[in-house]
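Engineer: When the sequence shown is numbered by our numbering, its final residue is 234 and no position is left out of the sequence of numbers.
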Amino acid sequence: MSRYTSATDADRQEMLRAIGVESIEDLFADVPAELRMERPLDIAPGMAEQEVFDHLAALAARNRDAESEVTFCGAGMYDHYVPALVDTLLSRSEFLTPYTPYQPEISQGGLQVMFEFQTAISELTGLPVSNASLYEGPSSVASAGYMAVLENARDRFVISRGVHPHSRAALATYSEGFGADIVEVPLTEEGATDVAALAAAVDEDTSAVFLQQPNF
């Protein structure tokens, strides 16, 4: 019996007896004869595992992917280079969780990574501290807006429409909570942020300006 066969002939006979019929054909007796197919399906015969693998590989090779072509799709479909060392580090158990480890004696690696990240972000932004617990872009944008309001007590954000829609939506949701207004800056015909409109939108009440590079 094939290892992919779920029931033996004996199993089938036992099930048929249990439901009170003599054959599988009896199960389809109510289907009109003119609606029943009396020939095998017009499909290719089965293939061995390696043949299936080769066939699917040949089909996949007919596609063009973002790595083999220059793409301007946007929406996160950019050319990202990830050093080989990253995959190696991420495969280590101490780096597999984004949550703060509560047993430092066995989590020194994760704590070291968080320390290095926070140090680098603090140096890049000029801020005394930074958070290492943001999970993705939209919540990071919203948290940055909240931090800006707390820092300068202003209540107006200027954001480019080139920023990911999810990030703009998250910022709008958070802004409802702390009473901040949002001004969206349009894009040029080329799809870039309108720099002149951006400069005109910024005033003394602006708490933060949001841009994305590359844009959405």
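By construction, the Cβ of each residue, glycine as well, lies at the ideal position given by its N, Cα and C atoms.
#1: By the three-class DSSP mapping on this structure, what secondary structure does Thr-224 have?
#2: What first and last residue would you give for the beta strand (DSSP E) that runs through Glu-202?
#3: Would you mind reading off the limits of the alpha helix (DSSP H) that contains Phe-175?
#4: Identify, in the order they occur along the chain, each residue of the same chain with its Cβ nearer than 6 Å to the Cβ of Leu-216, setting aside the five sequence neighbours on each side.
#5: When the Cα of His-98 is compared with those of Tyr-153, His-184, Ser-86, which residue comes out closest?
#6: Kindly indicate which residue of Tyr-192, Asp-173, Ser-140 has the alpha-carbon position closest to the one of Glu-222.
#7: Under 8 Å by Cβ, that's how I've got Ala-226 and Gly-155 pegged, so tell me the actual separation to the nearest angstrom.
#8: In the DSSP output, which residue or residues are listed as bridge partners for Thr-1?
#9: What's the call for Ala-219, buried or exposed, on a 16-neighbour Cβ count within 10 Å?
#10: Go through its chain and collect everything with a Cβ distance to Met-19's Cβ below 7 Å, but skip five positions before and after it.
#11: DSSP three-state label for Gly-128, please.
Structural biologist: Considering the structure as presented:
#1: strand
#2: 199-203
#3: Counting along the chain, Phe-175 falls outside any alpha helix (DSSP H), though it belongs to the beta strand (DSSP E) covering 174-178.
#4: Val-203
#5: Ser-86
#6: Asp-173
#7: Ala-226 to Gly-155, Cβ: 15 Å. No contact.
#8: Shown here, the chain extends from 19 to 234; a query on residue 1 therefore has no answer.
#9: buried
#10: With a pLDDT of 49 at Met-19, under the threshold of 50, the modelled position of that residue is not reliable, and no figure is offered here.
#11: helix
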